[in-house]
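*Asks:* What follows is a structure written as structure tokens; I'll ask about it next.
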Amino acid sequence: MKNGKAENLGILLTIYGVNVPPFVVLRPGMPETEQIEVIRDFLTKNRGNTVAVRSSADQEDSSGASFAGMYTTKLRVQATEQAIHAAADEVRYSGVEKKEVVAHYAEQRGLVLTESGISVIVQEMIEADMSGVIFSHDLAKADGYYVISVSSGVGETIVGGAANGRLIRIARGIKPSNVKDAWLRKLIVAMKAILSQSMRWSHPASAEMCSAT
Numbered sequence: 001m002k003n004g005k006a007e008n009l010g011i012l013l014t015i016y017g018v019n020v021p022p023f024v025v026l027r028p029g030m031p032e033t034e035q036i037e038v039i040r041d042f043l044t045k046n047r048g049n050t051v052a053v054r055s056s057a058d059q060e061d062s063s064g065a066s067f068a069g070m071y072t073t074k075l076r077v078q079a080t081e082q083a084i085h086a087a088a089d090e091v092r093y094s095g096v097e098k099k100e101v102v103a104h105y106a107e108q109r110g111l112v113l114t115e116s117g118i119s120v121i122v123q124e125m126i127e128a129d130m131s132g133v134i135f136s137h138d139l140a141k142a143d144g145y146y147v148i149s150v151s152s153g154v155g156e157t158i159v160g161g162a163a164n165g166r167l168i169r170i171a172r173g174i175k176p177s178n179v180k181d182a183w184l185r186k187l188i189v190a191m192k193a194i195l196s197q198s199m200r201w202s203h204p205a206s207a208e209m210c211s212a213t
């Protein structure tokens, strides 16, 4: 898993208390037969009826840039081979469709993008009572605070930039053990581990764990 978001999910799998819903990665250039095998194996183990299909592009969700909302995300995709293939194609095409926008965003941040293509993450869908994005700092002004956007439901409007949600600011130097709310504490632990500029998260109803998505 060479690309940002997928690599971060792999790291989060090793952190106690951070729930990462089951996922697989369809890499650029993966033969069609291998993709089919990977998806079929995932579907035999997937507990839900729907999945989320997302991008994992070069430097996406890295320490240098977020790229939040730039690529297509498909939520509540039916857990069938045909539906997942169609959604994955849409996600990949968004990389072509928004190539100039992404390149401009990267240039503004002094990043050099490779032509490695977009990996696609297929992940068990989590229906949440609240969700959003945690940022390593305020994107408008780099300061010493984590900024957490919170909304009800799956929170895709926040990720896509259509809404800001409720904002929570927490000092970056705080010890996780000093954070009162368990879900916030686990978000801070996760962000310290992956050193990313942003991370999507969701909080399932009646659960103490946050899910990294």
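Using full-length UniProt numbering, read the sequence shown as starting at 1 and increasing by one per residue.
All C-beta atoms, glycine included, are put in the ideal place defined by N, C-alpha and C.
1) Roughly how far, in whole angstroms, is the beta-carbon of R92 from the beta-carbon of T73, given that I think they are within contact range, below 8 Å?
2) Mark E37 as exposed unless 16 or more other C-beta atoms lie within 10 angstroms of its C-beta, in which case mark it buried.
3) Nearest-angstrom Cα distance between R172 and Y146?
4) Can you tell me the Cα-Cα spacing of I148 and F23, whole angstroms?
5) Thinking just about the alpha-carbon of each residue, which of G117, L43, N49 is nearest to the one in Y71?
6) Check whether the Cβ atoms of T50 and M125 sit closer than 9 Å, and answer yes or no.
7) In three-state terms, what does DSSP make of H203?
8) Just to confirm, are S177 and R185 a CB contact at a threshold of 9 Å?
9) Please list the terminal residues of the continuous beta strand (DSSP E) segment that includes V77.
*Replies:* Looking at the atomic coordinates:
1) Contact doesn't hold; Cβ gap of about 12 Å is too wide.
2) exposed
3) 6 Å
4) Between I148 and F23, the alpha-carbon positions lie close to 24 Å from each other.
5) It is G117 whose Cα lies nearest to the Cα of Y71.
6) yes
7) strand
8) yes
9) 74-78
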